[in-house]
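This report refers to the structure that appears directly beneath it.
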Amino acid sequence: MKNKSKDFSIIDKELTVDGAISTKGRLTIKGIVKGTLHGENVIIAKEGAVYADAKVVNMTIGGTFEGEIRASEKLVILSTGNCSGKVACKNFVVEAGGIVNAEVSYVTSQDLKKKEDGKESV
């Protein structure tokens, strides 16, 4: 039986991170992140704010996001969420009350991989 990683990280309120973040597993952001963000499952809590270029598998926005998101699987904007900038994702969900002020494009996982490899732009 394989032992799956249960990595979990949190950037708590009153904490500001300015720079590059790369994480596996789940990251919950209750504070402020500025810079670049690479992760698997990122959750921006209602009190959290991210001003970054983000490349993730899944992201849920309950707070504020400004920048560029490339989500290879799913992007969810909760009713308390506010997303602005540029979005490229495979699956996109916006709950009633969620705010999206972004350029949104649908891409497949293969499209995102090609962009990473520099072969094609999204």
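Going by my numbering, the sequence shown opens with residue 1, and the numbers climb by one from there.
Just so you know, even glycine gets a beta-carbon here, dropped at the ideal spot from N, CA and C.
Consult DSSP for T16 and reduce its assignment to one of helix, strand or coil.
Position 16 of the sequence shown holds residue 16. DSSP places T16 in strand when its eight states are reduced to three.
Would you call V93 buried or exposed, if buried means 16 or more other Cβ atoms sit within 10 Å of its Cβ?
Reading the sequence shown from its first residue, position 93 is the one you call residue 93. With fewer than 16 Cβ atoms within 10 Å of its Cβ, V93 is classed as exposed.
Near T108, what residues of its chain come up, given a Cβ to Cβ distance below 7 Å and the 5 sequence neighbours on each side ignored?
For the purposes of this step, residue 108 is taken as the residue at position 108 of the sequence shown. Within the same chain, T108 has close Cβ partners K90.
Does the Cβ-Cβ distance between G63 and A52 come in under 8 Å?
As a position in the sequence shown, residue 63 is number 63, starting the count at 1. As a position in the sequence shown, residue 52 is number 52, starting the count at 1. Going by C-beta atoms, G63 is not nearer than 8 Å to A52.
Leaving out the 5 sequence neighbours to the left and right, which residues in its chain are closer than 6 Å to N101 when beta-carbon positions are compared?
As a position in the sequence shown, residue 101 is number 101, starting the count at 1. Contacts found: S84.
How would you write the range of the beta strand (DSSP E) that V104 sits in, first residue to last?
What you label residue 104 is simply residue 104 of the sequence shown in a count that begins at 1. First-last of the beta strand (DSSP E) with V104: 99-106.
Taking just the CA atoms, how far does I99 sit from S79?
To locate residue 79, count along the sequence shown from 1; it is residue 79. To locate residue 99, count along the sequence shown from 1; it is residue 99. Here the alpha carbons of I99 and S79 stand approximately 8 Å from one another.
In angstroms with no decimal places, state the Cα-to-Cα distance between G25 and I43.
Here residue 25 corresponds to residue number 25 of the sequence shown, with the count starting at 1. Here residue 43 corresponds to residue number 43 of the sequence shown, with the count starting at 1. When rounded, the distance between both Cα atoms is 11 Å.
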